[in-house]
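Here is the structure we will look at, set down as structure tokens.
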């Protein structure tokens with residue numbers, strides 16, 4: 062196995078027309094979840110990924126399970142709960158390709174993930190674990206679980222990649238900040254955006270954001286700069302990497318695609334410049350379609366896009 066990731070996935074309803082939800086009559090069903098997006102992105106590039114979660118023992122839970130399994134993701138450690146339901150998410154399509162989201166996930170099955178649900182010992186040869194700041198936002202139990210699992214992963218030699226992924230609809234900033242900073246300190250690689258830099262370390266310049274997370278204890282920080290690309294800094298080197306200009310259709314899922322691209326590049330033993338460039342390419346492709354993960358490329362598509370031989374096909 063190349064990567065472990067874990068967290069909540071929800072059934073997603075996307076309206077077929079723009080405008081406020083009270084004016085929408087028809088929706089398309091899909092799957093939404095930061096960690097499952099990353100898992101699908103990595104699987105499409107040929108990597109072996111285990112996704113761990115809890116789903117409700119209901120139709121939506123089975124739908125998510127089958128979707129991830131169909132994408133080649135290992136779902137053998139997913140559990141089904143009879144006591145709690147699968148979370149639900151609605152998108153609201155606004156003007157200028159902006160998106161609002163509404164969650165119905167309180168007390169969901171995944172909010173009851175426990176440390177014992179995530180058996181790392183059987184996966185200790187796995188090089189990477191991907192964790193996001195969404196999971197600890199779901200419940201107090203999840204906060205304890207997230208920190209404990211990250212500590213165990215580090216002891217087992219698994220490199221922890223942490224995307225803060227702040228969701229202020231799930232918890233207030235004064236509650237989120239200390240938790241996310243603690244988790245960043247337990248990580249090998251941290252992936253903040255500019256907004257997260259401002260909220261968590263009170264910095265807006267990429268280089269100062271990177272320095273702040275390195276001082277917390279991370280070995281590498283990669284600051285996402287949207288269409289401009291990214292800035293990274295390790296203990297030994299730093300650089301800006303230029304992004305790929307594309308037409309924005311849907312911004313949701315770009316950060317997850319970026320994370321998948323970075324981890325893929327590191328698994329393929331690319332240089333840091335090349336790994337971050339791959340991350341930028343996946344992030345660009347992800348925003349060219351309406352779905353959260355549907356724009357994630359397969360290996361041949363990625364190679365064509367990065368070599369300039371093709372434009373986004375979806």
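In my numbering, the protein residues as written are 62 to 375. We put the CB at the ideal spot given by N, CA and C, even for glycine.
- Just so you know, the alpha carbons of residue 225 and residue 129 end up roughly 23 Å apart.
- In the structure shown, residue 90 adopts extended strand secondary structure according to DSSP, grouped into three states.
- Contact between the region 328-346 and the region 115-127 is absent: fewer than 3 CB-CB pairs across the two stretches fall below 8 Å.
- In this structure, residue 69 keeps its C-beta atom at 8 Å or more from the C-beta atom of residue 159.
- The three-state secondary structure of residue 107, taken from DSSP, is coil.
- Between the region 314-331 and the region 90-107, the count of C-beta pairs closer than 8 Å reaches three or more; the two stretches touch.
- When secondary structure is reduced to three states using DSSP, residue 324 falls in the helix class.
- Between residue 270 and residue 287 a beta carbon distance of about 14 Å is seen, past the 8 Å cut, so the two are scored as non-contacting.
- With fewer than 16 other CB atoms across the displayed protein chains lying within 10 angstroms of its CB, residue 107 is exposed.
- With respect to the 8 Å criterion, residue 207 and residue 244 are classified as neighbours on the basis of their beta carbons.
- For residue 76, the beta-bridge partners assigned by DSSP are 88.
- Nearest to residue 332 by C-alpha distance, out of 293, 215, 214, 137, is 293.
- Straight-line spacing of the CA atoms in residue 237 and residue 261 works out to 9 Å.
- Per DSSP, reduced to three states, the secondary structure at residue 220 is strand.
- Within the region 196-265, the complete alpha helix (DSSP H) segments at least 4 residues long are 201-216, 234-246, 255-262, listed from N- to C-terminus.
- DSSP places residue 289 within a helical segment (H, G or I) once states are collapsed to three.
- In terms of CA proximity to residue 330, 188 leads the group 188, 149, 168, 177.
- With a cutoff of 8 Å on beta-carbon distance, residue 249 and residue 102 are scored as not near each other.
- Excluding its 5 nearest sequence neighbours in each direction, residue 312 has C-beta neighbours in its own chain below 6 Å: 348, listed in chain order.
- Collapsing the DSSP output to three states places residue 312 in coil.
- Looking at the DSSP output, residue 153 sits in a beta bridge with 161.
- Distance check between residue 136 and each of 212, 302, 307, 64 places 64 closest, using alpha-carbon atoms only.
- Distance check between residue 132 and each of 368, 153, 110, 291 places 110 closest, using alpha-carbon atoms only.
- Here residue 215 is not near residue 242, since their CB atoms are 8 Å or more apart.
- Within the same chain, 217, 218, 219 come within 8 Å of residue 185 by CB-CB distance, once the 5 residues on both sides are set aside.
- The beta carbon of residue 264 is closer than 7 Å to those of 258, 270, 273 in its chain, skipping five residues each way along the sequence.
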